[in-house]
Amino acid sequence: MATDKAPFEVPEQMRDFAEKSVDQARKAFDDFMSVTQKAISSAEESATAVQSGAADVQKKSLSFAEEHVDAAFKFAQSMVKAKDVEEMMRLQQDFLRGQMEALGEQARDLSDTAAKAAQEAGKAVKP
1 MATDKAPFEV PEQMRDFAEK SVDQARKAFD DFMSVTQKAI SSAEESATAV
51 QSGAADVQKK SLSFAEEHVD AAFKFAQSMV KAKDVEEMMR LQQDFLRGQM
101 EALGEQARDL SDTAAKAAQE AGKAVKP
């Protein structure tokens with residue numbers, strides 16, 4: 001009696017369907033980001049000196065969100081191409097590790113930007 005189990009394989013049709021779905025979702029997100037960035041640019045044009053610091057924080061936050069969504073799409077694409085469960089587990093572990101590192105760096109960057117914005121706003125308010 002053999003104890004070897006055949007590895008679970010994701011059917012190619014399912015991977016193709018998933019890949020097309022990811023591509024469509026990416027396009028929809030890219031269109032959303034384009035509209036959002038245009039709206040932020042319009043809002044920035046009317047910003048005052050005090051608001052410019054908030055605009056910097058807002059831009060960075062949007063940029064970070066875009067980076068995370070892009071990473072998630074890349075992760076999804078790699079998952080639908082995975083040949084077996086072991087590869088899926090490795091991909092998920094790598095993705096989570098990368099996201100945690102990115103979050104740490106982004107939190108420091110956002111904190112520095114917010115502190116600078118608060119400092120600049122304080123200078124603008126002083127008589």
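Just so it is clear: in the sequence shown, position 42 is 42 by the UniProt record's numbering, and no numbers are missing.
Beta carbons are placed, not taken as given, at the ideal position from N, Cα and C, and that holds for glycine.
These numbers were taken from a predicted model, which means no experiment stands behind them.
What is the DSSP secondary structure of residue i, reduced to helix, strand or coil?
{"i": "residue 128", "result": "Shown here, the chain extends from 1 to 127; a query on residue 128 therefore has no answer."}
{"i": "Val10", "result": "coil"}
{"i": "Ser46", "result": "Unreliable positioning characterises Ser46 in this predicted model, as indicated by a pLDDT of 47, which lies under 50. The coordinate reading is nonetheless provided below. In this structure, Ser46 counts as coil in the three-state DSSP scheme."}
Please classify residue i: is it buried, with 16 or more other beta-carbons within 10 angstroms of its beta-carbon, or exposed?
{"i": "Ala117", "result": "buried"}
{"i": "Ala76", "result": "buried"}
{"i": "Val35", "result": "exposed"}
{"i": "Pro7", "result": "exposed"}
{"i": "Gly104", "result": "exposed"}
{"i": "Asp112", "result": "exposed"}
{"i": "Gly98", "result": "exposed"}
How many whole angstroms separate the CB atoms of residue i and residue j, which I take to be in contact at a CB cut-off of 8 Å?
{"i": "Gln110", "j": "Val69", "result": "One detail in the question is off: residue 110 reads as Leu in this sequence, not Gln. Their Cβ separation, rounded to whole angstroms, is 17 Å, which puts Leu110 and Val69 out of contact at 8 Å."}
{"i": "Glu9", "j": "Gly53", "result": "So it is not a contact: roughly 53 Å between Cβ atoms."}
{"i": "Val22", "j": "Val80", "result": "7 Å"}
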